[in-house]
Amino acid sequence: MKVEDIARLLDGQLAGEGAREIRGAAGLDNAGPNDLTFAEGERILKRAANCRAGCILVPSGVVLAGQTTIAVRHPKLALIRATAALLPRPAVEPGVHATAVVAPGARLSSGVSVGAQAVVEEGANIGARTVISAGVFLGRGVKVGADCVIHPKVSIYPQARIGNRVVIHAGTVIGADGFGYVFAEGRHHKFPQLGQVVIEDDVEIGSNSTIDRGSLGDTVIGEGTKIDNLVQIAHNVRVGRHCVIAAQTGISGSVEIGDYVVIGGQVGVGDKVRIESQAVIG
Numbered sequence: 183m184k185v186e187d188i189a190r191l192l193d194g195q196l197a198g199e200g201a202r203e204i205r206g207a208a209g210l211d212n213a214g215p216n217d218l219t220f221a222e223g224e225r226i227l228k229r230a231a232n233c234r235a236g237c238i239l240v241p242s243g244v245v246l247a248g249q250t251t252i253a254v255r256h257p258k259l260a261l262i263r264a265t266a267a268l269l270p271r272p273a274v275e276p277g278v279h280a281t282a283v284v285a286p287g288a289r290l291s292s293g294v295s296v297g298a299q300a301v302v303e304e305g306a307n308i309g310a311r312t313v314i315s316a317g318v319f320l321g322r323g324v325k326v327g328a329d330c331v332i333h334p335k336v337s338i339y340p341q342a343r344i345g346n347r348v349v350i351h352a353g354t355v356i357g358a359d360g361f362g363y364v365f366a367e368g369r370h371h372k373f374p375q376l377g378q379v380v381i382e383d384d385v386e387i388g389s390n391s392t393i394d395r396g397s398l399g400d401t402v403i404g405e406g407t408k409i410d411n412l413v414q415i416a417h418n419v420r421v422g423r424h425c426v427i428a429a430q431t432g433i434s435g436s437v438e439i440g441d442y443v444v445i446g447g448q449v450g451v452g453d454k455v456r457i458e459s460q461a462v463i464g
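All residue numbers for the sequence shown refer to the working numbering, where the first residue is 183 and numbers rise by one.
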């Protein structure tokens, strides 16, 4: 892809060699003559003046002498858009692998791919173009929307509802029973875990995270939220829209989290806490 084509795609201001071919993207220090990179902030821009990149995305109004640049409002966001065009996700062949087990009553929409040794139970519903990778388990009545990617060894317990364009990374468990017990008569009695997990559109969940089903209601992860690896979200938690939750965070039962909340790594949130929108915790 030529630099001038990238500039048009990003509606950016080109300075330098528009005919140069760009084949990939790299960090500022590692980029070569056919790589795209970005630079923002005074210190980084000074380093960029001497880098070897084929093209540098820079903030509007910035020119680097001797470098080919595209000036845009948000260089990092522009890099995301440019790499999506430069390096599109490899197409996955639709169909069901010979070793997968798909129940007769499961419904697979057009373009779905089901990988080796995956299990799709009765009543599950998978939306168009969704990828179910090797070894995934989808329980009875699970609903997965369109254009999702469920990576290997993910387990989604019965009746969970997954929205559109959701990405769930390897080893994550969705919908296991919450940790709820009543102590009486000298022993712990398991409290019913009858709710579901609802994951809204455009959520991404990292590897080996766990989101428990609700007890007498649902556990809900709001639209656009991003969850890191090794995060535990307990029963009846409600996470708002476009939140970010970093690794090794534990969120106790019935916590309510507003929209656009940022939670850093290794944060612990106690039972029934309410976190207001746009809070930052770390």
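Glycine included, C-beta positions come from ideal geometry on N, C-alpha and C.
(message) Taking the straight line between their C-alpha atoms, what separation do you get for ILE427 and PRO334?
(response) Spanning the alpha carbons of ILE427 and PRO334 requires a straight line of approximately 22 Å.
(request) Specify whether the stretch 448-458 and the stretch 417-435 touch according to this definition: at least 3 beta carbon pairs, one from each stretch, less than 8 Å apart. (result) Cβ pair count under 8 Å is three or more, so yes.
(message) Using 9 Å as the threshold, is the C-beta distance between HIS424 and THR401 below it?
(response) Taking 9 Å as the Cβ cut-off, HIS424 and THR401 do not qualify as a contacting pair.
(request) Give the range of the beta strand (DSSP E) segment to which VAL244 is assigned. (result) VAL244: not part of any beta strand (DSSP E); DSSP gives it neither H nor E.
(message) Using the Cβ count rule (16 or more neighbours within 10 Å means buried), how would you classify PHE220?
(response) By the 10 Å Cβ count, PHE220 comes out buried.
(request) Could you pull the start and end residues of the beta strand (DSSP E) that LYS372 belongs to? (result) Its beta strand (DSSP E) spans residues 369-372.
(message) Short of 6 Å in beta carbon distance, which residues of its chain neighbour GLY484, apart from the five on each side in sequence? Order them along the chain.
(response) The displayed coordinates of the chain run from 183 to 464. Any statement about residue 484 would go beyond what the structure contains.
(message) With H, G and I counted as helix, E and B as strand and the rest as coil, what does DSSP make of LEU210?
(response) In the structure shown, LEU210 sits in coil (DSSP, three-state: anything other than H, G, I, E or B).
(request) Measuring alpha carbon to alpha carbon, tell me which of ASP359, ARG255, ARG205 ends up nearest PRO241. (result) Residue ARG255 holds the alpha-carbon nearest to the alpha-carbon of PRO241 among ASP359, ARG255, ARG205.
(message) I need the DSSP call for ASP187, collapsed to helix, strand or coil.
(response) Helix at ASP187.
(request) Compare the C-alpha of VAL283 against each of GLU303, TYR442, VAL294, GLY293 and name the closest. (result) The candidate whose alpha carbon is nearest that of VAL283 is GLU303.
(request) Give me the Cα-Cα distance between GLY440 and VAL364, rounded to the nearest whole angstrom. (result) Cα to Cα, the separation comes out at about 29 Å.
(request) Report the residue from VAL443, GLY368, ILE387, PHE361 whose alpha carbon sits nearest the alpha carbon of LEU376. (result) Cα-wise, what sits closest to LEU376 is PHE361.
(request) State the CB to CB distance for the pair ASN390 and ASN418, rounded to an integer number of angstroms; the pair is presumed to be in contact (CB under 8 Å). (result) No, ASN390 and ASN418 are not in contact; Cβ-Cβ is about 22 Å, not under 8 Å.
(message) What does the Cβ neighbour count give for LYS325, buried or exposed, with the cut at 16 atoms within 10 Å?
(response) The residue is buried, with at least 16 neighbouring Cβ atoms inside 10 Å.
(message) Taking the alpha-carbon of GLU386 as reference, which of PRO272, GLY446, ASN346, GLY214 has the nearest alpha-carbon?
(response) For the residues PRO272, GLY446, ASN346, GLY214, the minimum Cα distance to GLU386 belongs to ASN346.
(request) Measure from the alpha carbon of ASP329 to the alpha carbon of each residue in GLY368, ILE350, GLY200, ILE409, then state which is nearest. (result) Considering only alpha carbons, the answer is ILE350.
(request) For THR265, count neighbouring C-beta atoms within 10 Å of its own C-beta (all shown protein chains included) and say buried if the count is 16 or more, exposed if not. (result) Exposed, since its Cβ has fewer than 16 Cβ neighbours within 10 Å.
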